[in-house]
Structures are given as structure tokens and as C-alpha cells.
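Respectively, the protein sequence lines represent chains V and B.
By our numbering, the letter at position 8 of the first sequence is numbered 285, and the numbering carries on one by one without gaps.
By our numbering, the letter at position 273 of the second sequence is numbered 289, and the numbering carries on one by one without gaps.
Glycine residues also receive a C-beta, built at the ideal position from the N, C-alpha and C atoms.
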Amino acid sequence: MPQVLRHTGWMIVRQARNLMREPVWIAMMVIQPMIWLLLYGQLFSKVTSLRGGASSYIEFLTPGIVCMNAFFGGTWSGMAMISDLDRHVVDRFLAAPASRLAIVLSQVARAGITAILQALILLLVGLALGVRVHGGVPGWLVVCVASALLAMVFSGFSNGVALLLRREASMIATANFVGLPLMFLSSILLATALMPGWIKQISRFNPVNWGVNAARNAVVVGGDWGPTGVFLLLLVAATAATSAFATWTFRAYQRSI
Amino acid sequence: MDAIVAESLTKRYKAVQALDGVSFSVRDGEVFALLGPNGAGKSTTVRVLTTLTRPDSGRALVAGEDVVRHPNRVRQTIGYVAQDSGVDWEATGRENILLQGRIHGMAGRPLHARVDELLELVGLDNAADRVARGYSGGMKRRLDIAIGLVHKPRVLFLDEPTTGLDPEARAAMWVEVERLAHQENLTILLTTHYLEEADRLAERVAIVSRGKIVVEGTPEDLKAGLRGESVSVELRESDGRLGEAVQVVQALDGADEVHVDGRVVRARVPNGAQAIPIILSALDGRGFPVASVTTARPSLDDVYLHYTGRDFAAEDEEHKPAEKGRER
């Protein structure tokens with residue numbers, strides 16, 4: 278196995294194990310998405326026009342919340358990089374023959390894996406609330422892939438920002454600045470048809486919306502996989518782009534020390 | 017063969033010339049200290065030698081490999097214990113060492129055996145499976161050393177190994193370093209701004225000041241190079257007339273390198289026993305009440321003053337990082 282994959286693997290194991298030692302983090306990871314799902318699901322359940330063609334609002338909302346979680350998780354994932362920079366763990370790896378790429382990629386991959394776990398939890402909760410995944414097994418797969426990619430797109434961006442700013446406060450400000458606007462510029466909460474024209478136009482270029490479209494099609498429609506494939510490919514391209522950005526900022530960090 | 021060779025290294029960070037032509041060499045199996053106050057360029061030198069920082073110019077070989085041209089070969093042969101601990105707080109001591117071993121391509125039974133051996137060597141065998149967040153400063157430091165040694169490096173870099181430790185932990189660390197030098201058959205380069213640390217641990221010392229090596233030799237040679245003894249006169253009170261006291265001592269025949277440290281006036285004289293009565297009567301004549309007088313063979317403190325013309329403690333204080341930050 279190439280060194281970069283081996284090192285990425287070990288570093289993912291390290292991060293995952295560290296997170297598993299934070300009971301509060303695990304609780305938040307599981308409970309918070311459920312709260313979103315139950316809260317929004319109840320709040321808007323009477324407004325039938327919101328849900329496009331879905332049979333219930335909760336069915337419409339579930340893939341949206343899965344994606345929201347994934348991209349929020351991604352935007353915050355740079356915090357782990359900052360903590361590693363602050364604790365000089367990164368420098369320790371750099372003075373050893375660690376794969377440079379693995380230091381960055383392990384953070385991005387870890388965000389993707391976390392997103393898949395959360396997606397599965399949310400889908401199971403959705404099932405309990407009467408959601409049907411119309412796409413069947415391929416549908417489940419698409420939701421998982423879409424949320425993993427979405428998390429990785431924003432994790433690449435977040436790690437890049439972390440490596441440029443190297444300060445927690447700046448990282449928090451950036452994550453907040455990016456998170457909510459992108460959420461409201463997407464069809465997470467309401468059908469595209471109800472958006473004002475200009476938001477509809479912008480949302481077409483919003484990676485969050487690519488993920489939502491793919492996941493929602495898999496849950497609500499189930500079939501017509503062509504457009505879904507295009508959205509997933511767009512997300513793959515965006516992941517490559519933001520990961521390249523993170524790698525570039527990592528080189529900039531190395532030059533600065 | 018020399019384990020480390022540094023030739024005319026320079027490095028500039030924006031307005032600061034961190035290294036201004038650093039040259040020295042360390043013999044195989046030697047414990048070598050870079051001694052200097054904060055901001056002298058010790059850490060930057062170590063960061064160049066450990067491949068973390070590229071020098072602007074100059075050349076450096078570690079275990080025979082060029083740090084710029086073959087950084088990965090260098091990384092395989094060195095252990096690096098940074099000034100700031102590189103311990104992963106959320107992982108156990110054992111997990112920290114295991115991961116570092118895996119990065120060095122170790123695996124399986126030999127790796128686990130080595131980790132057990134190291135945990136015992138640094139006295140962490142009882143805390144091995146506790147998360148490092150709960151370790152004391154001294155324990156984290158010892159874990160850092162175990163992490164740096166996992167792959168049996170030929171050269172170990174210890175950047176300020178005892179900074180931030182309490183005196184008890186510092187003494188324990190000194191014993192540790194002495195033991196390592198013998199047991200693990202290592203070349204050790206350590207940096208320190210504690211004169212007594214360099215004196216105690218290092219076979220040879222290079223004094224670093226403002227990005228340059230000022231002088232290099234065994235602690236004994238360096239001290240022997242200064243003839244005479246140092247006299248310290250502690251004044252009972254100075255009433256802000258310390259400058260005047262210095263002038264009084266300076267005016268005396270044979271008194272050299274007179275400087276002040278708190279309420280203590282220090283000077284170097286050819287013979288302490290002869291000089292003390294003269295100094296005391298001169299100070300008394302100008303109305304300075306004296307609390308105590310001591311003489312001593314020259315210390316590395318005196319060596320520093322002699323070669324740089326500056327007081328070590330004052331220089332150290334001046335460049336102290338504003339907060340707990342990284343030294344350049």
C-alpha cells in the first residue's frame with residue numbers, strides 16, 4: 278500500500294479514536310441532527326406547498342437535514358487542524374517522515390466518514406417517523422455518498438482556512454459566516470419552486486444544493502439517476518478543488534515556519 | 017565522523033535575522049549544547065537541522081545527509097523533541113508512541129516491544145494507558161522523549177528540554193538525558209538558556225548570540241579561558257546609585273567586566289582574596305553599605321559576558337516571548 282494511504286489511515290484512526298473519547302461530542306453528533314429533524318419537521322409540517330412533490334414534509338426535510346449536517350460538520354472540521362497546530366503535533370509529524378498529504382487528507386476523510394455515520398442515524402430516525410427511501414438500496418448509497426462528499430468539500434475549505442488563519446476565533450467567525458447563508462441559499466428547508474428568482478439562480482452554484490438535490494432525489498423520487506450523477510460528479514470536482522486548496526495552504530504553512 | 021555539520025547557516029524572518037552565519041559540528045556520540053538567551057537563534061538552528069525550516073543559505077548535514085537535498089533521509093535518522101511538547105493530548109502515552117513508530121514504518125511485535133521498552137525507560141509504564149491530557153508537565157516531556165526515540169534515531173534533538181519544568185522535574189530530566197546518552201548510544205544536540213544545564217550535561221558547548229556562534233568548547237575550557245575569579249558584591253541598598261557603584265568598582269586596578277544584576281555588582285579580578293578588601297573600602301568610601309561578598313571561579317555566565325559584552329540574564333529577559341509562543 279502506498280505510504281500516503283497508510284499514513285492517512287493511521288491518522289484517521291487517531292482522530293476518530295480521540296473523538297470517541299469525547300462523550301459530549303458523540304451525544305451532540307447524534308442528538309443535534311435529531312433535534313433539527315423533529316423541530317423543523319413539526320414547525321413546517323402544515324405548510325403543504327413547502328415540500329415539493331414529497332408525500333410528507335418530514336420526507337422532504339430528512340435528506341435536507343442530512344446534507345445540512347454534513348456541510349456544517351465540514352465547515353467546523355478545521356478546528357481539529359488548529360488544535361494540532363497549537364499542540365505542535367503537526368510539527369512533530371513534519372520532523373518525521375510522515376506523508377505531508379496524509380496530514381491534510383486524513384482531516385478531510387475523517388469529516389466524510391463522520392458525515393456518513395450521521396446520515397445513517399438520521400435516515401433511521403426518519404424511517405421511524407414514516408419516511409420512505411424511494412430509491413431503495415441505491416438511494417441509501419446516494420445519500421451516504423452525497424453527505425460524505427459535501428462534508429469533504431467544506432472540510433477542505435475549512436482546513437485551508439485553518440492553515441491560513443491558524444487561530445480558533447478566526448476559524449469560528451469564518452464557519453459562522455459561511456454556514457447559515459449557504460444553508461438559506463439552498464433547498465434544505467423549502468422546495469426550489471418557492472424560492473425568489475435570484476436565490477434560485479445563486480443556489481444552482483451552491484455545492485450544498487448539489488448535495489441536497491442528489492440526496493432528495495434518492496429519497497423522494499428514487500429513479501431518474503442521471504441528474505443525481507451529475508450533482509455527485511460536481512461534488513467530486515469541488516472536493517478535489519478544496520482539498521487542493523488545503524494542500525496548498527499546508528505548503529504555505531511549511532514555508533512560514 | 018561528525019553527526020552534525022552546520023556551515024554558515026542563515027535565515028531571516030521578515031525584520032529579524034534569526035541566523036547570521038551559524039557554523040559548528042557535533043561529533044558522533046557526543047552531547048553538545050547550544051547555549052544562549054531567548055531569541056539568540058537556537059531553536060531556528062534546530063528547526064533547520066530537523067528539516068522543518070529551510071535555511072536561506074548555508075549547508076547542513078545530519079548523519080551524513082544534506083537537510084535540504086535529502087530531508088526524508090534526515091528525518092529517518094533523527095529524533096526531535098521540540099521546545100513545545102508535540103504530545104497528542106487526547107491519546108494515551110502508548111498510542112502516541114505507537115503512531116510515531118508507524119509513521120517511521122515500524123509495525124507488529126517489534127513496534128509493540130519497542131514501545132514497552134521506551135515506556136519503561138522514561139518511567140511512564142504505569143501511566144501508559146492513560147490519556148496524556150492528565151499527565152504532568154514532566155510526564156509530557158518524558159513522553160515527548162519516548163516519542164522521539166521510537167525508531168532508534170542516531171541523533172536526538174532536545175530543544176529546551178527543561179523549560180517550564182519545576183526544579184524537581186528538571187533535575188529528573190537531567191538524570192534522564194545523561195542516562196540516554198549512555199544507554200541509547202545517541203548523539204544529542206540540546207539547546208538551553210540555563211547555564212548550569214549546559215555545564216552539567218554537555219561535553220561541548222557553543223554559545224549563541226544574535227544568530228551567531230560566539231565561542232565553542234568544553235565548559236571547562238571556556239571557563240579556563242577566563243583568567244581570575246569573579247567577585248559578587250551584594251549591596252544592602254542602592255538608592256538608585258547602582259551606576260555610581262559600578263563606576264567605583266570599574267575605576268579599581270584589575271577589575272574587569274563590571275556589571276550589575278539586581279542589587280549585585282559583579283566583576284572579574286585576577287585574585288579574589290586580594291581584590292575584596294580594596295573593593296569593599298572603595299565602596300565604603302562612597303557610602304555604599306555592603307550586605308555580602310562572594311568570590312567564585314568563572315561561570316558560563318562570565319563566559320557569556322566576556323565574549324558578547326552583554327549580560328546573559330538581561331538579554332534573556334529582553335527577548336522573552338510576550339506570551340507563551342514559539343521562539344524563533
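Rounding to the nearest angstrom, what Cα-Cα distance links Arg282/B and Arg216/B in this structure? Cα-Cα distance, rounded: 23 Å.
Exposed or buried, what is Ala162/B when buried is set at 16 or more other beta-carbons lying within 10 Å of its beta-carbon? buried
C-beta neighbour in chain V for Ser101/B, strict 8 Å: yes
Tell me which same chain residues have a C-beta within less than 6 Å of the C-beta of Ala144/B, skipping the five on either side of it? For Ala144/B, where only same-chain residues beyond five positions count, the Cβ hits under 6 Å are Gly109, Arg110, Leu135.
Exposed or buried, what is Arg252/B when buried is set at 16 or more other beta-carbons lying within 10 Å of its beta-carbon? By the 10 Å Cβ count, Arg252/B comes out exposed.
Relative to the C-alpha of Asn287/B, which residue among Arg89/B, Ser297/B, Leu242/B, Glu184/B is closest? The candidate whose alpha carbon is nearest that of Asn287/B is Leu242/B.
Considering only residues of the same chain and omitting the five flanking positions on each side of Ala5/B, which have a CB-CB separation below 8 Å? The question about residue 5/B has no answer here: the residues shown for chain B are numbered 17 through 344.
Let me confirm a value: Arg220/B is counted as buried when at least 16 other C-beta atoms fall within 10 Å, else exposed. Which label applies? buried
C-alpha gap between Glu46/B and Ala357/V, whole angstroms: 39 Å
Name the chain B residues whose beta carbon is nearer than 7 Å to that of Asp368/V? Leu68, Ala98, Gly102
So, is the C-beta of Val138/B closer than 8 Å to a C-beta in chain V? no
For Ala470/V, which residues of its own chain have a beta-carbon under 7 Å away from its beta-carbon, when the five flanking residues on both sides are left out? Gly329
C-alpha distance - Asn219/V paired with Ser39/B, whole-angstrom precision: This structure cannot settle anything about residue 219/V, because the visible part of chain V is limited to 278 through 534.
Could you list the residues in the segment 365-391 of chain V with a C-beta less than 8 Å from some C-beta on chain B, going in chain order? His365, Val366, Asp368, Arg369, Phe370, Leu371, Ala372, Ala373, Pro374, Ala375
Please report the residue range of the alpha helix (DSSP H) in which Asp132/B lies. 124-137
DSSP three-state assignment for Glu273/B, whether helix, strand or coil: strand
Residues in the same chain with beta-carbon distance under 6 Å from Ser376/V, minus the five sequence neighbours each way, listed in chain order, please. Gln280, Val281, His284
Return the first residue and the last residue of the beta strand (DSSP E) that Thr207/B is part of. 203-208
Rounded separation between Thr526/V and Phe434/V - CA only: 10 Å
Given 8 Å as the limit, is there contact between the segment 295-303 of chain V and the segment 314-326 of chain V, that is, 3 or more CB pairs closer than that? Result no; under three Cβ-Cβ pairs closer than 8 Å.
In angstroms, rounded to a whole number, what distance separates the CA positions of Phe328/B and Ile449/V? 42 Å
I want to see whether chain V comes within less than 8 Å of Asn88/B, judged by CB atoms only; does it? So, interface residue.
Spatial neighbours of Glu343/B within its chain, please: CB distance less than 7 Å, with the 5 preceding and 5 following residues excluded, ordered by chain position. Legend: pLDDT at Glu343/B = 40, less than 50; position of this residue unreliable, value from coordinates given subsequently. Closer than 7 Å at the Cβ level, and outside the excluded window around Glu343/B, lie Asn54, Gly55, Ser59, Gln99, Pro337.
To the nearest angstrom, how far is the alpha carbon of Asp82/B from that of Phe173/B? Cα to Cα, Asp82/B sits roughly 16 Å from Phe173/B.
Whole-angstrom distance between Leu509/V and Asn483/V, CA atom to CA atom: 13 Å
For the alpha helix (DSSP H) containing Tyr9/B, list its first residue and its last residue. Outside the shown range of chain B, which is 17 to 344, sits residue 9/B, and nothing can be said about it.
Quick one: is Trp190/B near chain V, going by C-beta distance under 8 Å? no
Can the beta-carbon of Ala492/V be found less than 8 Å from the beta-carbon of Val420/V? Judged by their CB atoms, Ala492/V and Val420/V are nearer to each other than the 8 Å cut-off.
Any C-beta of chain V sitting closer than 8 Å to the C-beta of Ile119/B? yes
Could you have a look at Ile465/V and say whether DSSP puts it in helix, strand or coil? coil
Opening and closing residue of the alpha helix (DSSP H) in which Arg294/V lies: 280-297
If you draw a straight line from the C-alpha of Val343/V to the C-alpha of Arg291/V, how long is it? 25 Å
Evaluate the contact criterion for the segment 228-244 of chain B versus the segment 306-318 of chain B: three or more CB pairs, one atom per stretch, below 8 Å. Inter-segment contact for the segment 228-244 of chain B and the segment 306-318 of chain B is present: three or more beta-carbon pairs are separated by less than 8 Å.
Quick one: complete alpha helix (DSSP H) runs, 4+ long, within the segment 65-107 of chain B? 87-93
Decide if Phe348/V is buried, meaning its Cβ has at least 16 other Cβ atoms within 10 Å, or exposed. buried
Let me know the secondary structure DSSP gives Val343/V once reduced to three states. helix
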